[in-house]
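**Q**
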Amino acid sequence: MNAITSLLSAFGLSTAAGLNAYLPLLTVGLLARYTNLIQLDGTYRLLTHPVVLLIIAVLALVDFIGDKIPAVDHVLHTAGLLIAPIAGAILFLSANSANGTVSPLLAAICGILVAGATHSARATARPLATVTTAGVANPVISFMEDASALALSVLAVILPVVAFLLVVVFAVLMFWLYRRLAARRAARRT
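Just so we're aligned, residue 1 is where the sequence shown starts under full-length UniProt numbering, counting upward by one.
1) May I ask you to verify whether the segment 54–68 touches the segment 100–112, counting CB pairs closer than 8 Å and requiring at least 3?
2) Less than 7 Å between C-beta atoms, sequence neighbours within five positions excluded: which residues of the same chain meet that for Ala148?
3) Considering only the alpha carbon of each residue, which of Val114, Thr78, Leu93 lies closest to Ala123?
4) Rounded to the nearest angstrom, how far is the Cβ of Gly116 from that of Pro85, given a contact under 8 Å?
5) Any chance you could list the alpha helix (DSSP H) runs of at least 4 consecutive residues sitting entirely within the segment 30–91, in chain order?
6) Are the beta-carbon atoms of Leu40 and Ser97 separated by less than 8 Å?
7) Hey, would you say Phe92 sits closer than 8 Å to Ser153, going by beta carbons?
8) Going by beta-carbon coordinates alone, are Ile158 and Leu8 separated by less than 8 Å?
9) Report all residues from its chain with a CB closer than 7 Å to the CB of Ala21; omit the five preceding and five following residues, and keep chain order.
10) To the nearest angstrom, how far is it from the Cα of residue 198 to the Cα of Val51?
11) Is the CB-CB distance between Leu23 and Ala32 below 8 Å?
Here you go:
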């Protein structure tokens, strides 16, 4: 990957980590281990180790199941406030490890901010869905988040430009939704 595609890939992977911290890590680890689609250098090759892949897979499975249960999903989202930004930083750093075009400190900060913002938006929206649907929609929403995280992870590696464009669309939608909700709150107050 050249410098630009590595950067676009990093943004896509970090955003996916905000939706599900484990699926992008697992995707990158498996793709780096079994294909030539992504090259991991240095410390990030650890993501390809079978034991690490197994641990991430078990965590992904626990998260996949737990996130479908209304009370458990809120606990997982609270833990995700720390886990998702860390995963985002690891993914941003690993995507740039082959060519090192971005300072590692800046890459880590970008990964933390992108994954953290994505996870915060997700964790903020979920209680609203829980209240309005009495938790019935949680499994469906969770599955859509997981599918989006997986698709975005694969796209970030295979088609980084498309993944980045999806990230931009997601950011615009979140901003629009936030503005709309803020306008509704302001209208209720008056």
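The C-beta atom is built at its ideal place from N, Cα and C for all residues, glycine as well. Since the structure is predicted, the reported quantities are computational estimates derived from the model, not experimental observations.
**A** On the basis of the data shown:
1) Output reads no: the segment 100–112 does not touch the segment 54–68.
2) Residue identity check: residue 148 is Ser in the sequence provided, not Ala. Closer than 7 Å at the Cβ level, and outside the excluded window around Ser148, lie Leu19.
3) Nearest option by C-alpha distance: Thr78.
4) Indeed they touch by this definition, with Cβ atoms about 4 Å apart.
5) The qualifying runs are 50–66.
6) Going by C-beta atoms, Leu40 is nearer than 8 Å to Ser97.
7) No. Outside cutoff.
8) Contact: no.
9) Same-chain partners within the cutoff: Gly80, Ile83, Ala84, Ala87.
10) No answer is possible for residue 198: it lies beyond the span of the chain, which begins at 1 and ends at 190.
11) Judged by their CB atoms, Leu23 and Ala32 are not nearer to each other than the 8 Å cut-off.
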